[in-house]
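Peer 1:
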Amino acid sequence: MSEPVRGRAIYEGKAKILYEIENNPEHLILFFKDDATAFNAKKRGSWERKGVVNSQISAALTTLVQKAGVPTHFVRNLSDREQLVKRVDIVPVEVVVRNYVAGSLARRLGMEEGGKLSQPFVEWYYKSDSLDDPMLLTQWILEFGYATMDELSAMKEYALTINRVVGTFFDSLGITLIDFKVEFGRSAGSIVLADEITPDGSRLWEKGTNRKLDKDRFRRDLGDVAETYEELLQRVEAALANS
Ligand code: TMP
Ligand code: ASP
3 MSEPVRGRAI YEGKAKILYE IENNPEHLIL FFKDDATAFN AKKRGSWERK GVVNSQISAA
63 LTTLVQKAGV PTHFVRNLSD REQLVKRVDI VPVEVVVRNY VAGSLARRLG MEEGGKLSQP
123 FVEWYYKSDS LDDPMLLTQW ILEFGYATMD ELSAMKEYAL TINRVVGTFF DSLGITLIDF
183 KVEFGRSAGS IVLADEITPD GSRLWEKGTN RKLDKDRFRR DLGDVAETYE ELLQRVEAAL
243 ANS
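For the sequence shown, the numbering used here gives the first residue as 3, with consecutive numbering after it.
#1: May I have the straight-line CA-CA distance separating Thr65 from Leu224, to the nearest angstrom?
#2: Does the structure place the stretch 74-87 close enough to the stretch 22-34 that three or more beta carbon pairs sit under 8 Å?
#3: Do you know how far the Cα of Asn244 is from the Cα of Leu175?
#4: Given a cut-off of 9 Å, decide if Leu235 and Val168 are closer than it, judged by their beta-carbon atoms.
#5: Mind the definition here: the stretch 141-153 touches the stretch 45-59 only if three or more C-beta pairs lie below 8 Å; say whether that holds.
#6: Is it true that the stretch 152-169 meets the stretch 109-117, where meeting means three or more beta-carbon pairs spaced less than 8 Å apart?
#7: In the DSSP assignment, the alpha helix (DSSP H) including Glu14 goes from what residue to what residue?
#8: Within this structure, are the beta carbons of Val97 and Phe186 separated by less than 9 Å?
#9: Ordered along the chain, which non-local residues of its own chain (more than five positions away) have a Cβ less than 8 Å from that of Pro27?
#10: Assuming Asp152 is part of the alpha helix (DSSP H), what are its boundary residues?
#11: Asn101 and Asn165 - do their beta-carbons sit closer together than 9 Å?
#12: Taking 8 Å as the cut-off, is the CB of Arg219 close to at least one heavy atom of the ligand TMP?
#13: Out of curiosity, what's the CA-to-CA distance linking Arg188 and Glu5?
#14: In terms of residues, what are the limits of the beta strand (DSSP E) holding Ala70?
#15: Pop quiz: Ala38 and Lys217 are said to be a contact at Cβ under 8 Å. What is the actual Cβ separation, rounded to whole angstroms?
#16: Restricting to runs no shorter than 4 residues, where is the alpha helix (DSSP H) found entirely within the stretch 81-149?
#17: Can you give me the Cβ contacts of Gly71 inside the same chain, cut-off strictly under 8 Å, excluding the 5 residues immediately before and after it?
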């Protein structure tokens, strides 16, 4: 394939930009920005190399789950913060998997963070910034045509595989995968993992100390945000180099 020629931006999100490719209609360039937002962009920040760290972590974790049989949009890295990805139609249902009580689950039910769940929870949220990503019932998703039952089954199965593969990987680094969010797209009629797997969309706690190695450092003003993201990338890269 000839080198992709970056065309116009077709979508700019809070942390990434999607560009068309002039000589290739089937793929897009996914560019990771240095911006961070929280609470649906009510809080904004930015730090140097944030996009590089997230792009590298996401490429590494997406490759791991791809090897475990989950189809994904990822094709290859183009630069330290740009990826060649398949063009997909994003399903407007965000999939959250939880292994421990934290975040909105703890808040809604007035619970302490950190309790282990008896089994992973899979939850659906509507991808809508203006509505603050409300939680969805399966019935609502089917009624309003956001996804079909077959698509939800595939998304649930893939999300649980991602949980197992990424959770086992982080376990080996001394890190617990508390919860995460993934998004899926439709490619030639089938469901594929799209978007990213990064510390922006997951909770990662150091075993023993429960030190947070994820975007809660930014959301909750815990300090050392850039340093912690860099540390996580180094630990991921070191583990992959030894595997
Ligand atoms: P929550 O506890 O706020 O519902 O989030 C659960 C996990 O999903 C957490 O790791 C953050 C991630 N997440 C996002 O990245 N974006 C979102 O819009 C939502 C709702 C969750
Ligand atoms: N992803 C959302 C945002 O960027 C919510 C969050 O991460 O807190 O605003």
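Every residue gets a Cβ at the ideal spot worked out from N, C-alpha and C, and that includes glycine.
Peer 2: Looking at the atomic coordinates:
#1: Looking up residue 65 in the sequence shown gives position 63. Looking up residue 224 in the sequence shown gives position 222. If you take the alpha carbons of Thr65 and Leu224, they lie about 30 Å apart.
#2: yes
#3: Locating residue 175 in the sequence shown gives position 173, where the first residue counts as 1. Locating residue 244 in the sequence shown gives position 242, where the first residue counts as 1. Cα-Cα distance, rounded: 12 Å.
#4: In the sequence shown, the residue the question calls residue 168 occupies position 166. In the sequence shown, the residue the question calls residue 235 occupies position 233. For Val168 and Leu235, no; Cβs fall outside 9 Å.
#5: no
#6: no
#7: Counting from 1 along the sequence shown, the entry for residue 14 is found at position 12. First-last for Glu14: Arg8 to Glu14, but that is the beta strand (DSSP E), not the alpha helix (DSSP H).
#8: The count along the sequence shown starts at 1 and reaches residue 97 at position 95. The count along the sequence shown starts at 1 and reaches residue 186 at position 184. Yes. Within cutoff.
#9: As a position in the sequence shown, residue 27 is number 25, starting the count at 1. For Pro27, where only same-chain residues beyond five positions count, the Cβ hits under 8 Å are Arg89.
#10: For the purposes of this step, residue 152 is identified with residue 150 of the sequence shown, where counting begins at 1. Counting along the chain, the alpha helix (DSSP H) containing Asp152 begins and ends at Met151 to Ser174.
#11: On the sequence shown, position 163 is the one that residue 165 refers to. On the sequence shown, position 99 is the one that residue 101 refers to. Yes; because the gap between Cβ atoms is below 9 Å, this pair is in contact.
#12: Residue mapping note: residue 219 aligns to position 217 of the sequence shown, counting from 1. It does not: the Cβ of Arg219 is nowhere closer than 8 Å to a heavy atom of the ligand TMP.
#13: Stepping through the sequence shown from its first residue, residue 188 is reached at position 186. Stepping through the sequence shown from its first residue, residue 5 is reached at position 3. If I take the Cα positions, the gap works out to 25 Å.
#14: Against the sequence shown, residue 70 aligns to sequence position 68. Ala70 -> no beta strand (DSSP E), and no H or E assigned at all.
#15: Here residue 38 refers to the residue found at position 36 when the sequence shown is read from its first residue. Here residue 217 refers to the residue found at position 215 when the sequence shown is read from its first residue. Yes, Ala38 and Lys217 are in contact; Cβ-Cβ is about 7 Å, under 8 Å.
#16: 105-111 and 140-145
#17: Locating residue 71 in the sequence shown gives position 69, counting from the first residue. Only Thr163 meet the Cβ criterion.
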